[in-house]
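Quick note on my numbering: the sequence shown kicks off at 62 and runs consecutively. From the three backbone atoms N, C-alpha and C, an ideal C-beta is built for every residue, glycine too.
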Amino acid sequence: MSIGAGRIEMVAMSKCSDFPYLPQFFECEAELFDQLSNRPGNQRCVVGRDELLLVVHDVPQAGSPDRVPLIFWRRQDETWVDSSGHKGLKKLGDLLDRYAKLLDEKQDIIDEADTAQEIFDLARVAAPLARASRNLAIAIDQTLVHDEDNRELRSYRDRAREAERAAEQLSHDAKLTLEFWKAEQSEKQQVSAEKLNVIAFRLNLLAGFFLPLVALGGLFGMNVHLPEFVNGWFWLIFCGGLLMGGSLVWMVSRKTGAGL
Numbered sequence: 062m063s064i065g066a067g068r069i070e071m072v073a074m075s076k077c078s079d080f081p082y083l084p085q086f087f088e089c090e091a092e093l094f095d096q097l098s099n100r101p102g103n104q105r106c107v108v109g110r111d112e113l114l115l116v117v118h119d120v121p122q123a124g125s126p127d128r129v130p131l132i133f134w135r136r137q138d139e140t141w142v143d144s145s146g147h148k149g150l151k152k153l154g155d156l157l158d159r160y161a162k163l164l165d166e167k168q169d170i171i172d173e174a175d176t177a178q179e180i181f182d183l184a185r186v187a188a189p190l191a192r193a194s195r196n197l198a199i200a201i202d203q204t205l206v207h208d209e210d211n212r213e214l215r216s217y218r219d220r221a222r223e224a225e226r227a228a229e230q231l232s233h234d235a236k237l238t239l240e241f242w243k244a245e246q247s248e249k250q251q252v253s254a255e256k257l258n259v260i261a262f263r264l265n266l267l268a269g270f271f272l273p274l275v276a277l278g279g280l281f282g283m284n285v286h287l288p289e290f291v292n293g294w295f296w297l298i299f300c301g302g303l304l305m306g307g308s309l310v311w312m313v314s315r316k317t318g319a320g321l
């Protein structure tokens with residue numbers, strides 16, 4: 062190895078050491094390194110003078126803010142290389158397959174879910190999936206501007222758009238299901254409350270019906286000396302108490318508009 066070649070290799074390795082998410086064999090041109098930091102950042106296309114870097118993220122995991130970067134490098138000879146050293150964009154297709162598989166699994170869950178907790182967990186997954194797939198499609202679109210004849214890349218862009226629509230639909234269905242269950246429970250509670258109100262009203266009417274009779278019975282049943290003529294009016298007092306109770310019930314029912 063010549064001294065000049067050794068210097069170039071050392072410079073490349075020193076640059077890659079500043080970007081831990083890049084493999085050592087990514088000997089990118091300086092224009093690409095100048096646009097990077099020590100973090101992979103958002104999904105995007107980094108454009109150099111003669112080369113490209115496509116930075117995408119793996120499928121997001123629920124509850125985790127971290128994103129696993131997947132890097133694709135288009136060299137000066139217009140050959141794409143992934144971070145494992147394989148030529149082509151097959152790993153991008155594998156990423157989209159993982160999106161499609163996960164979305165299908167989550168759609169089955171929302172169709173069979175029985176509890177609000179299941180739908181809530183699903184909603185937490187669906188929103189990051191929609192956002193990540195949308196940014197993935199945008200990054201591929203940016204790349205197609207500089208590699209517009211790449212049919213494979215265009216196909217992956219369309220698949221990413223399909224994943225985005227499916228994730229957004231999943232998120233919408235999850236939120237709609239939660240709202241539906243909330244409204245359904247509210248209706249059930251309202252029906253139960255109305256039934257309890259009717260039962261309470263009927264009990265109150267029943268108590269009101271016997272209230273005059275109980276009051277009269279208590280009055281004339283006290284241990285006091287009563288005139289003789291009172292003892293002979295038992296049935297008159299009894300019927301009068303029922304009549305007063307019935308009249309009270311009739312007046313209350315007429316004013317409230319409720320039946321017994």
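(Q) Quick check on this structure: which residue in C89, D111, L83 has the alpha carbon closest to the alpha carbon of N99? (A) Here residue 99 refers to the residue found at position 38 when the sequence shown is read from its first residue. Closest option to N99, Cα to Cα, is L83.
Q. When the Cα atoms are used, what is the spatial distance from Q251 to A177?
A. Working through the sequence shown from its first residue, we reach residue 251 at position 190. Working through the sequence shown from its first residue, we reach residue 177 at position 116. C-alpha separation (whole angstroms): 20 Å.
Q) At a cut of 8 Å, does the region 138–146 reach the region 226–239 through at least three beta carbon pairs? A) no
Q: Name, in chain order, the residues that DSSP records as bridge partners for F94.
A: Taking the sequence shown and counting its residues from 1, the one referred to as residue 94 is at position 33. DSSP, once it has assigned bridges, lists no residue as partnering F94.
(Q) Would L164 and A224 qualify as a contact pair, given that the criterion is a beta-carbon distance under 8 Å? (A) Along the sequence shown, one-based indexing puts residue 164 at 103. Along the sequence shown, one-based indexing puts residue 224 at 163. Yes, Cβ-Cβ distance for L164 and A224 is below 8 Å.
Q) By how many angstroms is the C-alpha of W311 removed from the C-alpha of A40? A) Outside the shown range of the chain, which is 62 to 321, sits residue 40, and nothing can be said about it.
Q: Give the DSSP-derived three-state secondary structure of A87 in the structure shown.
A: Taking the sequence shown and counting its residues from 1, the one referred to as residue 87 is at position 26. The identity of residue 87 in the sequence shown is Phe, whereas the question assumes Ala. Coil.
(Q) With a threshold of 8 Å on Cβ separation, who are the neighbours of M74 within its own chain once the five nearest residues in sequence on each side are excluded? (A) For the purposes of this step, residue 74 is identified with residue 13 of the sequence shown, where counting begins at 1. The predicted model places M74 with a pLDDT of 41, which falls under 50 and marks its position as unreliable, so this point remains unresolved.
Q: Output the distance between the C-alpha atoms of L321 and E173, rounded to the nearest integer angstrom.
A: As a position in the sequence shown, residue 321 is number 260, starting the count at 1. As a position in the sequence shown, residue 173 is number 112, starting the count at 1. The predicted position of L321 is uncertain, since its pLDDT is 45 and thus under 50; a value taken from the coordinates is nonetheless stated next. The alpha-carbon atoms of L321 and E173 are separated by roughly 43 Å.
Q.
If you reduce the DSSP assignment to three classes, tell me which class P130 lands in.
A. By one-based count along the sequence shown, residue 130 stands at place 69. Here P130 sits in strand by DSSP.
(Q) Tell me which residues share the same chain as K151 and place their Cβ nearer than 8 Å to its Cβ, disregarding the 5 neighbours each side in the sequence. (A) Your numbering for residue 151 matches position 90 in the sequence shown. For K151, where only same-chain residues beyond five positions count, the Cβ hits under 8 Å are D143.
Q) Alpha carbon to alpha carbon, how far is A228 from F94? A) Translated into the one-based positions of the sequence shown, residue 228 becomes position 167. Translated into the one-based positions of the sequence shown, residue 94 becomes position 33. Rounded to the nearest angstrom, the two C-alpha atoms are 33 Å apart.
Q | Presumed contact (8 Å Cβ cut-off) between D208 and L113, rounded CB distance | A | Taking the first residue of the sequence shown as position 1, residue 208 is located at position 147. Taking the first residue of the sequence shown as position 1, residue 113 is located at position 52. Indeed they touch by this definition, with Cβ atoms about 7 Å apart.
Q: Consult DSSP for V120 and reduce its assignment to one of helix, strand or coil.
A: On the sequence shown, position 59 is the one that residue 120 refers to. In this structure, V120 counts as coil in the three-state DSSP scheme.
Q | Nearest neighbour of P126, chosen from N258, G307, I260, R192 [CA to CA] | A | Your numbering for residue 126 matches position 65 in the sequence shown. Per the Cα distances, R192.
**Q.** Helix, strand or coil at D111 [DSSP, three-state]
**A.** What you label residue 111 is simply residue 50 of the sequence shown in a count that begins at 1. Coil.
Q. What do you get for G149, buried or exposed, if any count of 16 or more other CB atoms within 10 angstroms of its CB means buried?
A. One-based indexing of the sequence shown puts residue 149 at position 88. G149 comes out exposed.
Q | Three-state secondary structure assigned by DSSP to D143 | A | Here the question's residue 143 lines up with position 82 in the sequence shown. In the structure shown, D143 sits in a strand (DSSP, three-state: E or B).
Q: Please state whether DSSP places R215 in a helix, a strand or coil.
A: Taking the first residue of the sequence shown as position 1, residue 215 is located at position 154. Of the three classes helix, strand and coil, the one that applies to R215 here is helix, per DSSP.
Q.
Here's a check: name, in chain order, each residue in its chain whose Cβ is nearer than 7 Å to the Cβ of K167, leaving out the five neighbours to either side.
A. If you number the sequence shown from 1, residue 167 lands on position 106. Hits under 7 Å: L183, V186, A187, L231.
Q: Look up K148 in the DSSP assignment and give the residues it is bridged to.
A: In the sequence shown, counting from the first residue as 1, residue 148 sits at position 87. According to DSSP, which records beta bridges pairwise, K148 is partnered with V142.
Q: Could you give the DSSP three-state label for R105: helix, strand or coil?
A: Within the sequence shown, numbered from 1, the residue matching residue 105 stands at position 44. Note: R105 maps to strand in three-state DSSP.
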